[in-house]
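K.L.:
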Amino acid sequence: AGPAIILGLTISPVTGVLVAGAYILYHAIENYFLIPRIYGNRLRLSDLVVLVSLIAAGTLGGIVGAIMILPLVASYPIVERIWLAEYLGKGVVRRHGHKVDARPPVAKAREEVSMPAPRFT
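Note that this note's numbering has the sequence shown beginning at 13, numbered continuously upward.
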C-alpha cells in the first residue's frame, strides 16, 4: 500500500488520498465480508462465528491466536459429539443434528474386536 500511495502523492494529493481510500475499502471488504464467508463455507461455520472468533483471537492472542482459532472452533462439534454427549445428555446433542453414540471409543473398539468372525460355507 505504501508505494502505491507515495506514487499517487507524486501525481497529486487528491490521487494519494484516493489510492489510500481504495486500499482501506478493499481491505475492509476482504476482511469483513470475503474471508468470513470463504472460511465459513469451507468449515461449515456461520459468517458471524468466523468473524467474532477471528476478532477475539486476534485481539487476545495476536497473529498466533488468529491462525489457531478457526481449527479450534471447527473442531468443537466433534468434541461435543464424542466427549460431551455423556455429560450434556443425548437430547442436547440430537438437537444439534449429530448422531449420538455416547459410548467411549474404547468400548466401541472392544465390541468390534469381540464380534465373531463370519463363517463361509
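The beta carbon of each residue, even a glycine, is placed where N, CA and C say it ideally should be.
(1) My parser needs the alpha helix (DSSP H) runs of 4 or more residues fully inside the stretch 13 to 70; what are they?
(2) Take I41 as the anchor and find which of L63, L57, S87 and R54 has the nearest alpha-carbon.
(3) Buried or exposed for I81, please, with buried defined as at least 16 other CB atoms from any protein chain shown within 10 angstroms of its CB.
(4) Quick one: is Y51 buried, meaning 16 or more other Cβ sit within 10 Å of its Cβ, or exposed?
(5) Applying the criterion that 16 or more other CB atoms from any shown protein chain within 10 Å of the CB defines a buried residue, is L84 buried or exposed?
(6) How many whole angstroms separate the CB atoms of I17 and G28, which I take to be in contact at a CB cut-off of 8 Å?
(7) Check whether the Cβ atoms of P69 and A78 lie closer than 8 Å to each other.
(8) Straight-line CA distance for L96 to G20?
(9) Considering Cα atoms alone, identify which of N53, I67 and P15 is closest to V31.
P.N.:
This is what the structure holds:
(1) Fully enclosed alpha helix (DSSP H) runs of no fewer than 4 residues occupy 14 to 23, 25 to 41 and 47 to 55 of the stretch 13 to 70, in order along the chain.
(2) By 1-based counting over the sequence shown, the position of residue 41 is 29. Minimum Cα distance to I41 is reached at L63.
(3) For the purposes of this step, residue 81 is taken as the residue at position 69 of the sequence shown. Buried: at least 16 other Cβ atoms inside 10 Å.
(4) The count along the sequence shown starts at 1 and reaches residue 51 at position 39. By the neighbour-count rule (16 or more Cβ atoms within 10 Å), Y51 is buried.
(5) The residue you call residue 84 lines up with position 72 of the sequence shown. Counting Cβ neighbours within 10 Å, L84 comes out exposed, since fewer than 16 surround it.
(6) As a first step, residue 17 is located in the sequence shown; it is residue number 5 there, counting from the start. As a first step, residue 28 is located in the sequence shown; it is residue number 16 there, counting from the start. About 5 Å; that satisfies the 8 Å criterion.
(7) Counted from its first residue, the sequence shown places residue 69 at position 57. Counted from its first residue, the sequence shown places residue 78 at position 66. Note on residue identity: the sequence assigns Ala, not Pro, to residue 69. Yes; because the gap between Cβ atoms is below 8 Å, this pair is in contact.
(8) Translated into the one-based positions of the sequence shown, residue 96 becomes position 84. Translated into the one-based positions of the sequence shown, residue 20 becomes position 8. Approximately 57 Å, taken between the alpha carbons.
(9) The residue labelled residue 31 in the question sits at position 19 within the sequence shown. If we check each option's Cα against that of V31, P15 comes out closest.
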